[in-house]
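The block underneath contains the structure these notes are about, expressed in structure tokens.
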Amino acid sequence: MTDAIKAIILGIIEGLTEFLPVSSTGHLVLAGDLLDFDGDTAVTFKIVIQLGAVMAVLLLYWKKYLNIGVNMLKMDFAKSKGLNAIHMILAMVPALIIYLLFKDTIKSQLFGPKPVLIGLIAGGLLMIFAARSKRTETAETVDGLNYKQAFGIGLFQCLALWPGFSRSGSTISGGLLLGTSQKAAADFTFLISVPVMFGASLLDLYDSRDLLSSDALVLMLIGFITSFIVAMIAVVTFIKLIKRLRLEWFALYRFVLAGLFYVIVIL
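The opening position of the sequence shown corresponds to residue 1150 in the working numbering, with each subsequent residue numbered one higher.
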């Protein structure tokens, strides 16, 4: 199997899993292991192609981003009604700090089958706990989030730096525990995914610049385009699904996936 075909397969997997709380990075790591697609360049590839799927979110929520951008230019953060730039910044800062401090350890120690399987199981348990917790719901929509909830969701997003936990799984679970509806937590998760993934991918590309040959860049472009196309087809359906389906079902899928890959990859 050529590297180009592997890039297409991984791009499809990314496009299908980015919007579900099942860990797209975890799927990419496990699939990459099965396809014998690993190494430092492969790690960067798996991070960068997530931008393709995230671009689909940018197109879907462009009005919301435009509104936030206009308010930023007006320096009208706190006065604007609903979600504003302060919410976004509070949610992004914790994971950004942790990533900058531990990015080398994360890439060298956590991008492997065993850490991913641990993340899948631990993330699934968190999702079950969050879904079944008793709480007072204070934010039905994303515009009802307060700053404390935005920052708390940002803290939960730090868990997603461990491949297998899932960014959406961690942040939606955090939102539920902090008193948001599943719909509000899901919308906020998708909105903050764009700047977070852009920042992470650009940093990783810069750090890996010495490893990026023309062949590697071509593979990343193939994966990026594939994930974008697949995500554009799947995004609306999957976003509706994640807002309505209880987290326990996604947790069950994660446990089954972890069991299968333990038998196939590790044993």
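Glycine included, each C-beta is placed from N, C-alpha and C at the ideal position. Only a predicted model underlies this, so the values are computations on that prediction, with no experimental measurement involved.
Less than 8 Å between the beta carbons of residue i and residue j, yes or no?
i	j	result
Val1417	Met1369	Only positions 1150 to 1416 of the chain appear in this structure, which leaves residue 1417 out of reach.
Gly1218	Leu1269	no
Ile1413	Ile1157	no
Tyr1248	Ala1407	no
Arg1316	Val1171	no
Thr1193	Leu1354	yes
Phe1399	Met1276	yes
Gly1164	Ile1378	yes
Lys1213	Leu1340	yes
Whose C-alpha, out of the options, is nearest the C-alpha of residue i?
i	options	result
Ser1173	Glu1397, Gln1298, Ser1319 and Lys1392	Ser1319
Leu1200	Leu1406, Met1346, Arg1358 and Trp1211	Met1346
Leu1183	Lys1332, Pro1344 and Met1150	Met1150
Ala1153	Lys1332, Phe1373 and Phe1251	Phe1373
Val1206	Glu1397, Ile1415 and Val1385	Val1385
Per DSSP, what are the beta-bridge partners of residue i in this structure?
i	result
Ala1288	Thr1329
Distance, Cα to Cα, residue i vs residue j?
i	j	result
Ala1288	Lys1297	12 Å
Gly1272	Ile1391	16 Å
Lys1263	Trp1311	11 Å
Leu1159	Thr1375	9 Å
Ser1357	Phe1278	38 Å
Asn1216	Ser1342	17 Å
Thr1285	Ala1334	14 Å
Leu1209	Gln1306	22 Å
Leu1169	Leu1401	13 Å
Phe1251	Ala1244	10 Å
Ala1202	Ser1282	31 Å
Val1405	Leu1179	14 Å
Ile1161	Ala1383	11 Å
Lys1420	Leu1327	For the chain, the structure presents residues 1150 to 1416; residue 1420 sits outside this window and is missing.
By Cβ distance below 6 Å, which residues in the same chain neighbour residue i in space, the five residues on each side in sequence not counted?
i	result
Leu1308	Phe1314 and Ser1319
Arg1395	Ala1280
Thr1166	Ser1173 and His1176
Phe1186	Lys1155
Report all residues from its chain with a CB closer than 8 Å to the CB of residue i; omit the five preceding and five following residues, and keep chain order.
i	result
Phe1337	Leu1232, His1236, Ala1240, Val1291, Leu1294, Ala1299, Ile1302, Thr1320, Gly1324 and Thr1329
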